[in-house]
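Have a look at the structure below before the remarks.
Numbering (mature numbering (1 follows the signal peptide of the UniProt record, and there is no 0)), first residue to last: -22 to -1, 1 to 101.
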């Protein structure tokens, strides 16, 4: 019997703000199960604020048994990104419509199995 390894991608959203937290929300996309070699796009939808040059959005992941790993940041107005060199060639971050942040990961491996976090940083 042939067993294909699967990649579990779970997106959780985490953020800290100095403002009233009940008015600010980040909503995650559903967990996804992918095969090695496939691509995935994760979505972080924001409400209570508008993505703009005032905010940087970060993507971070936590793989089982490992330390948290910072992946990238993207400025809310989509004008500036910075990637961890470990994923730079396989990742693309974008924003859309001032309420969504996307992370596309290509050529997935089992090493990409992790809980993915979206976080907001004020400038």
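In this text, a Cβ means the ideal position worked out from N, Cα and C, and glycines have one as well.
Neighbourhood of residue i by C-beta, 8 angstroms cutoff - its chain only, sequence neighbours within 5 removed
i, result
"residue 65", "49, 50, 83"
"residue 61", "49, 50, 69, 71"
Straight-line Cα distance separating residue j from residue i
i, j, result
"residue 96", "residue 13", "23 angstroms"
"residue 68", "residue 39", "15 angstroms"
"residue 4", "residue 88", "27 angstroms"
"residue 81", "residue 1", "24 angstroms"
"residue 29", "residue 21", "14 angstroms"
"residue 46", "residue 63", "15 angstroms"
"residue 31", "residue 54", "5 angstroms"
"residue 23", "residue 33", "14 angstroms"
"residue 10", "residue 26", "26 angstroms"
"residue 99", "residue 37", "11 angstroms"
"residue 7", "residue 78", "11 angstroms"
"residue 43", "residue 93", "12 angstroms"
Coil, strand or helix - residue i by DSSP
i, result
"residue 82", "strand"
"residue 16", "coil"
"residue 91", "coil"
"residue 38", "strand"
"residue 31", "coil"
"residue 52", "strand"
"residue 98", "strand"
"residue 71", "strand"
"residue 63", "coil"
"residue 76", "coil"
The ligand FAD heavy atom lying under 7 angstroms from the CB of residue i
i, result
"residue 59", "Judged by which ligands are present, the structure shown has none, so any question about the ligand FAD falls away."
Opening and closing residue of the beta strand (DSSP E) in which residue i lies
i, result
"residue 3", "3 to 6"
"residue 56", "Here residue 56 belongs to no beta strand (DSSP E), and DSSP marks it neither H nor E."
Sequence-distant residues of the same chain with beta carbon closer than 6 angstroms to residue i, five excluded per side
i, result
"residue 71", "50, 52, 59, 81"
"residue 18", "-14, 10, 12, 83"
"residue 76", "28, 29"
Same chain, Cβ closer than 7 angstroms to residue i, five either side skipped, listed in chain order
i, result
"residue 15", "85, 86"
"residue 56", "72, 73"
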